[in-house]
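Colleague: Submitted below is the structure of interest, expressed as structure tokens.
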Amino acid sequence: MWVDAERAPALKDAAASFKEDKGVEVKLVIKDFQSARDDFITQVPTGKGPDMIVGPHDWLGKFVQNGVVAPLELGDKAGEFEDAAIQAMTYEGKTYGLPYAIENVALVRNTALLDTPAQTMDDVVAAGNGVVKAGKAKYPFLVGLDPKQGDPYHLYGIQTSYGAPVFERNDAGDYDPNQLGLGNPGGVEFAKDLATWAKAGALNASITGDIAKDAFNKGQSPYFLTGPWNVPDMQKAGLDIAIDPIPTGGDEAATPFIGVNGFFISSKAKNSLAASEFVLNYLSTEDAQDALFETGGRPPALKASFEKAASDPVVAAFGEIGKTGAPMPAIPQMDAVWADWGATELDIIKGKADPAAAWPKMVQSVQTKVAG
Amino acid sequence: MTPPDEARGLRARLSRPGETDGLVGILVKIVLLGLVDAVALYAVFVLAAQEKWVVLVVAVVLTVGVNVVYLRRDGLPAKYLAPGITLLLVFQVFVMGYTGYIAFTNAGDGHNSTKSDAIESIATKGQERVPDSPQYQLSVLEKRDDLWFLVTAPDGTVALGSSDEPLEEVDDAEVDGSGKAVAVDGYSPLSFDELLAQQDAILEVAVPVSDNPSDGSLRTADGSTAYEYRSNLRYDEAEDTFTDATTGAVYRDGGDGSFVSDDGEELVPGWKINVGLENFRRAVETPQLRDSLVSVIVWTFVFATLSVALVFGLGLFLAMVFNVASMRGKRFYRVMLILPYAFPAFLSGLVWSGLLNTEFGFVNQVLLGGAEIPWLTDPWLARFSVLFVNLWLGFPYMFLVCTGALQSIPDEMSEAARMDGAGPWRAFRAVKLPLLLVSVAPLLITTFAYNFNNFNVIYMLTRGGPRFEDTTSDIGATDLLITMVYKVAFGTGTGRDYGLASALAIIIFVVIGVIAGLLFRRTKALEDIH
């Protein structure tokens with residue numbers, strides 16, 4: 022099994038008990054997370070790939086397109102997992118992976134600076150600027166932006182409240198590459214508001230993820246739009262935090278992207294039966310999912326394990342917000358979206374582009390790329 | 171008195187002209203050759219098992235060649251060259267050949283493997299679980315080499331069947347504590363180890379649920395649960411077509427490496443086929459490339475030329491300074507100068523990208539007192555920054571090269587020039603520089619070629635941005651040809667396109683090859699100065 026260094030320790034116990042019960046050794050090969058997806062796609066056809074791989078659900082589209090994963094029938098077990106997690110592991114009506122963790126962003130609030138949650142983005146900007154004016158903070162609101170590529174992923178929740186998701190879903194619940202939700206009228210509204218917030222000092226193209234994290238941990242801002250992965254460091258820095266839902270800008274609910282991590286079985290696995298047994302009957306157990314949560318800190322996908330993890334209010338809050346989200350599209354066309362989307366948001370935030378013109382232009386460009 | 175004679179005879183045989191090894195040398199040679207042959211033999215078996223005949227033949231030819239070279243008595247130069255040539259063949263010629271081969275295929279996302287793999291993958295995907303069918307608990311049994319499924323439905327009914335015998339209820343099955351049937355008289359249950367030993371056969375088993383084949387059949391993935399599946403996509407081997415059982419659509423091999431229905435719908439995955447010159451046609455006609463091609467080509471040449479000029483200029487200047495005999499603390503400065511060179515280039519790129527951040531970067535914050543200069547986001551400043559960082563990364567190398575070259579030029583040369591009445595600048599221009607160029611020029615050409623393809627610096631520092639505003643493609647002011655190729659083939663499309671990438675790589679290779687060839691010819695003229 023290919024696994025990244027972060028998850029390997031948690032899987033060791035599951036592998037050990039599998040060996041004890043069934044006498045089959047699961048060899049964990051540590052792979053670099055960045056290259057694992059592409060290596061899997063190129064190596065499976067040659068017969069040299071692994072039997073199993075751990076990864077996020079948005080790899081799935083590419084895996085299916087290249088025929089390198091085998092469908093996985095979860096049977097009655099599917100009901101024991103969060104619906105969103107199963108949905109994420111499903112592609113064109115077939116389930117391909119066993120989910121184990123769900124992650125999504127939320128609005129983290131420094132309660133020492135602001136003690137009441139805000140509902141809308143305008144409230145956030147106003148309250149944040151109030152704190153800045155009072156001289157207690159430096160930034161009204163933080164979100165990590167890549168100065169070269171922007172960060173549509175983090176801003177997506179806010180964008181959806183304008184009724185402009187990246188792709189619309191068809192009746193079966195699958196994302197439809199031919200229906201670009203980005204082009205909905207709400208998209209331009211969102212773009213205009215981006216410019217307003219940037220002018221108000223709430224969005225800053227020079228603030229990268231690292232800078233934002235550092236500033237928030239130093240207590241320089243009341244708000245930080247981020248995921249559970251940054252929470253341990255905030256707690257280490259001694260902050261008192263509350264996890265609030267994504268603030269809205271438009272009239273609709275904010276639905277952030279959900280990322281679901283899971284286990285996939287190669288379509289050319291040499292030990293297909295043993296791999297299925299391991300994934301379906303060992304990694305789906307409460308013990309295994311608990312262990313994965315303890316090392317990774319990401320809310321478990323198994324309902325029973327999540328209940329336990331949710332005794333921690335931070336996990337519970339992130340999980341609650343995740344329930345309002347939608348899985349990030351796994352369709353291969355998603356690759357065609359990021360570059361234009363990020364660059365356009367960045368130009369708008371920097372004030373270099375007119376939102377009313379730049380947004381439709383971006384939609385046009387993405388459409389051309391999706392059409393190939 | 172025969173033994174000493176024999177020993178002398180052996181020594182005499184060993185020390186023939188051209189053969190200088192002692193006994194130890196011979197032993198080392200035998201051991202090393204033996205190792206090479208052993209590895210080669212292993213490789214041959216592995217390759218034969220995988221039916222990779224071309225690679226196998228190449229491996230055999232190489233091994234035989236190496237053996238011949240080292241077992242022959244003469245041909246000393248060949249013995250020194252053989253390892254290098256072997257590595258050259260494996261890592262350069264083969265890689266180039268393979269790139270050439272890929273350039274003529276449609277390899278990429280969705281066309282990743284062979285046709286038989288694609289058929290298998292489509293067929294398994296076509297298996298669909300019958301809606302609302304129960305999850306069966308399964309025990310696999312064996313009877314006279316036939317595999318049987320003993321299944322327990324959620325309501326407790328127990329049934330038995332095999333690939334040839336439809337499912338039939340049994341009453342006398344042995345049931346374990348959890349209510350799962352585990353054995354029937356006359357059949358031997360398989361342990362987990364036995365399941366593993368026969369796993370391929372077990373995965374193949376499809377037990378019909380009833381006499382009607384369209385009712386579906388039971389299959390298992392893990393050997394302990396079974397589900398009813400119905401096949402929605404059936405492959406017809408004779409016709410080489412897939413038929414969709416629900417819509418009746420027929421998918422044929424469309425000749426493009428995928429199965430296509432009459433209304434143009436494509437089944438994924440497809441497979442790899444030869445497409446001839448198609449990729450080269452697309453390389454020229456891709457709109458994303460065409461839009462910005464001219465400005466990218468111009469910038470690529472400017473970047474490579476200026477990089478070489480700046481790096482050489484600074485390197486040479488520092489080398490001259492260090493060549494002054496009276497300078498103190500040379501060793502310390504030398505170590506400092508090598509540092510940027512010793513640091514991995516792509517990491518330096520990332521670090522510099524942080525240092526040059528408009529608001530928070532070290533350069534603006536500390537050195538320029540908080541000025542907000544958009545080093546990486548303004549097109550011209552970004553070009554400047556890329557050149558600057560590349561200079562920082564590259565000058566230590568040129569400094570080393572020039573130091574070496576300068577030391578090989580005798581001081582008498584400049585002295586003679588001074589006697590003839592030339593000033594220091596004139597002496598440098600007319601005497602030292604030409605002599606220096608003779609040895610350095612080939613390195614300048616390779617530096618040019620390297621910078622022509624300097625992916626690291628561009629990608630880590632600016633990712634090619636800031637983007638051009640007059641085109642819809644993801645190409646920007648600092649994109650070199652190579653980063654543009656990367657973006658077109660891998661970055662922002664709907665799939666990775668190895669075929670197109672290889673074709674573009676070949677085109678760039680030809681361009682560089684021609685330029686380098688022309689320049690090398692020019693440097694021959696330099697040598698005439700000698």
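Those protein sequence lines, which keep their order, are chains V and G. All you need for this note's numbering is the position in the first sequence, starting with 1, plus 21. All you need for this note's numbering is the position in the second sequence, starting with 1, plus 170. No residue lacks a Cβ here, since even glycine has one placed at the ideal position from N, Cα and C.
(1) In three-state DSSP terms, what is E273(V)?
(2) Using a Cβ-Cβ cut-off of 7 Å, state whether L688(G) counts as contacting chain V.
(3) Does the beta carbon of R637(G) come closer than 7 Å to any beta carbon on chain V?
(4) Give a yes or no on whether 7 Å exceeds the smallest Cβ distance from R633(G) to chain V.
(5) Considering only residues of the same chain and omitting the five flanking positions on each side of T365(V), which have a CB-CB separation below 6 Å?
(6) Using a Cβ cut-off of 7 Å (strictly closer), state whether L373(G) contacts chain V.
(7) Inspect the beta-carbon positions of A647(G) and P580(G) and report whether they are closer than 7 Å.
(8) Using the DSSP secondary-structure output, state which residues sit across from I232(V) in a beta bridge.
(9) Assign W359(V) to buried or exposed, taking buried as 16 or more other Cβ atoms, counted over all protein chains shown, within 10 Å of its Cβ.
(10) Let's test the definition: count the other Cβ atoms within 10 Å of the Cβ of G434(G) and tell me whether it reaches 16, buried, or not, exposed.
(11) Counting only beta-carbon separations shorter than 7 Å, does D104(V) have a partner in chain G?
(12) Going straight from the alpha carbon of A391(G) to that of Y306(G), what length do you get?
(13) Using a Cβ-Cβ cut-off of less than 9 Å, list which residues of the region 385 to 404 of chain G approach chain V; keep chain order.
(14) Name the chain G residues whose beta carbon is nearer than 9 Å to that of V45(V)?
(15) Measure from the alpha carbon of I262(V) to the alpha carbon of each residue in L134(V), E41(V), M73(V), G114(V), then state which is nearest.
(16) Counting C-beta neighbours from all protein chains within 10 Å, is the total for S305(V) 16 or more, i.e. buried, or is it exposed?
(17) Using the Cβ count rule (16 or more neighbours within 10 Å means buried), how would you classify E41(V)?
(18) Output yes if chain V places a C-beta closer than 7 Å to the C-beta of S283(G); else output no.
(19) Going by the beta-carbon positions, is the gap between G184(V) and E273(V) smaller than 7 Å?
(20) Once you ignore the five residues that flank A258(V) on each side, which residues in its own chain have a CB closer than 7 Å to its CB?
(21) Rounded C-beta distance between R422(G) and V300(G)? I'm assuming under 8 Å.
(22) Find the residues of chain G that neighbour D144(V), judging by a C-beta separation of less than 8 Å, and give them in chain order.
(23) Report the rounded CA-to-CA distance for A236(V) versus E290(G), giving the unit in angstroms.
(24) Mind listing the chain V neighbours of F558(G)? Cutoff is C-beta to C-beta under 9 Å, in chain order.
(25) Taking 6 Å as the limit between beta carbons, can you name the residues of its chain near S303(G), skipping five residues before and five after?
(26) Beta carbon of I685(G), beta carbon of T653(G): below 7 Å?
(27) Are the CB atoms of V391(V) and P198(V) nearer to each other than 7 Å?
(28) Give the list of continuous beta strand (DSSP E) stretches no shorter than 3 residues that lie fully inside the region 170 to 204 of chain V.
(29) Please confirm if P350(V) has its CB atom under 7 Å from at least one CB of chain G.
(30) Report back the beta-carbon spacing between P277(V) and V145(V) to the nearest angstrom; my notes put them in contact at under 8 Å.
(31) Since G195(G) is in the alpha helix (DSSP H), which residue starts that stretch and which ends it?
(32) Taking only the alpha-carbon atoms, compute the straight-line gap between L202(G) and F471(G) and give it to the nearest angstrom.
(33) Go ahead and label P253(G) buried or exposed: buried means 16 or more other beta carbons lie within 10 angstroms of its beta carbon, across all protein chains shown.
(34) Does any residue of chain G bring its CB to less than 7 Å from the CB of L224(V)?
(35) Taking any Cβ of chain G, which residues in the region 170 to 184 of chain V have a Cβ under 9 Å from it, in chain order?
(36) Which residues, in chain order, does the region 86 to 111 of chain V contribute to contact with chain G at a C-beta distance below 8 Å?
Modeller: Per the coordinate set shown:
(1) For this step, residue 273(V) is matched to residue 252 along the first sequence. Coil.
(2) Along the second sequence, one-based indexing puts residue 688(G) at 518. No, its Cβ sits nowhere closer than 7 Å to a Cβ of chain V.
(3) As a working note, residue 637(G) is residue 467 in the second sequence. Chain V contact via Cβ: present.
(4) What you label residue 633(G) is simply residue 463 of the second sequence in a count that begins at 1. Yes, its Cβ sits closer than 7 Å to a Cβ of chain V.
(5) Against the first sequence, residue 365(V) aligns to sequence position 344. Excluding sequence neighbours, T365(V) sits near A379, M383.
(6) Residue numbering aside, residue 373(G) sits at position 203 when the second sequence is read from its first letter. So yes, L373(G) belongs to the interface.
(7) Here residue 647(G) is taken as the residue at index 477 of the second sequence, counted from 1. Here residue 580(G) is taken as the residue at index 410 of the second sequence, counted from 1. Contact: no.
(8) Along the first sequence, one-based indexing puts residue 232(V) at 211. According to DSSP, which records beta bridges pairwise, I232(V) is partnered with nothing at all.
(9) Here residue 359(V) corresponds to residue number 338 of the first sequence, with the count starting at 1. So W359(V) counts as buried.
(10) Along the second sequence, read from residue 1 onward, the residue named residue 434(G) stands at position 264. Flag for G434(G) reads exposed.
(11) As a first step, residue 104(V) must be located in the first sequence, where it is residue number 83. No, because no Cβ of chain G sits closer than 7 Å to the Cβ of D104(V).
(12) Taking the first residue of the second sequence as position 1, residue 391(G) is located at position 221. Taking the first residue of the second sequence as position 1, residue 306(G) is located at position 136. When rounded, the distance between both Cα atoms is 12 Å.
(13) R389, T390, A391, D392, G393, S394, T395, Y397, Y399
(14) Mapped onto the first sequence, residue 45(V) falls at position 24. The contacting residues are F362, D363, L366.
(15) What you label residue 262(V) is simply residue 241 of the first sequence in a count that begins at 1. It is L134(V).
(16) If you number the first sequence from 1, residue 305(V) lands on position 284. Result: buried.
(17) Stepping through the first sequence from its first residue, residue 41(V) is reached at position 20. E41(V) comes out exposed.
(18) Walking along the second sequence from the start, residue 283(G) turns up at place 113. S283(G) counts as touching chain V.
(19) Sequence index remark: in the first sequence, residue 184(V) carries index 163 (1-based). Sequence index remark: in the first sequence, residue 273(V) carries index 252 (1-based). It is a contact, given that the beta carbons lie within the stated cut-off.
(20) Position 237 of the first sequence, counting from 1, holds the residue named residue 258(V). So the list reads N238, once near-sequence residues are dropped.
(21) Taking the first residue of the second sequence as position 1, residue 422(G) is located at position 252. Taking the first residue of the second sequence as position 1, residue 300(G) is located at position 130. 28 Å between Cβ atoms; not a contact.
(22) Here the question's residue 144(V) lines up with position 123 in the first sequence. In chain order: nothing, as chain G lies at least about 26 Å away.
(23) Residue mapping note: residue 236(V) aligns to position 215 of the first sequence, counting from 1. Residue mapping note: residue 290(G) aligns to position 120 of the second sequence, counting from 1. Spanning the two alpha carbons is a distance of roughly 53 Å.
(24) Your numbering for residue 558(G) matches position 388 in the second sequence. Those do not exist, as F558(G) stays about 17 Å from chain V at its closest Cβ, beyond 9 Å.
(25) The count along the second sequence starts at 1 and reaches residue 303(G) at position 133. The residues are E398.
(26) Reading the second sequence from its first residue, position 515 is the one you call residue 685(G). Reading the second sequence from its first residue, position 483 is the one you call residue 653(G). Taking 7 Å as the Cβ cut-off, I685(G) and T653(G) do not qualify as a contacting pair.
(27) The residue labelled residue 391(V) in the question sits at position 370 within the first sequence. The residue labelled residue 198(V) in the question sits at position 177 within the first sequence. The answer is yes: Cβ separation under 7 Å.
(28) 188 to 190, 196 to 201
(29) For the purposes of this step, residue 350(V) is taken as residue 329 along the first sequence, with counting starting at 1. With 7 Å as the cut-off, P350(V) does not count as an interface residue toward chain G.
(30) To locate residue 277(V), count along the first sequence from 1; it is residue 256. To locate residue 145(V), count along the first sequence from 1; it is residue 124. Not quite, the Cβ-Cβ distance comes to about 15 Å (not below 8 Å), so this is no contact.
(31) Position 25 of the second sequence, counted from the start, is the residue given in the question as residue 195(G). Segment 193 to 220, the alpha helix (DSSP H) holding G195(G).
(32) Looking up residue 202(G) in the second sequence gives position 32. Looking up residue 471(G) in the second sequence gives position 301. When rounded, the distance between both Cα atoms is 47 Å.
(33) In the second sequence, residue 253(G) corresponds to position 83, counting from 1. P253(G) comes out exposed.
(34) In the first sequence, the residue the question calls residue 224(V) occupies position 203. Chain G, which has no Cβ nearer than 7 Å to the Cβ of L224(V), makes this no.
(35) Q170
(36) Q86, N87, G88, V89, A91, P92, L93, E94, G96, D97
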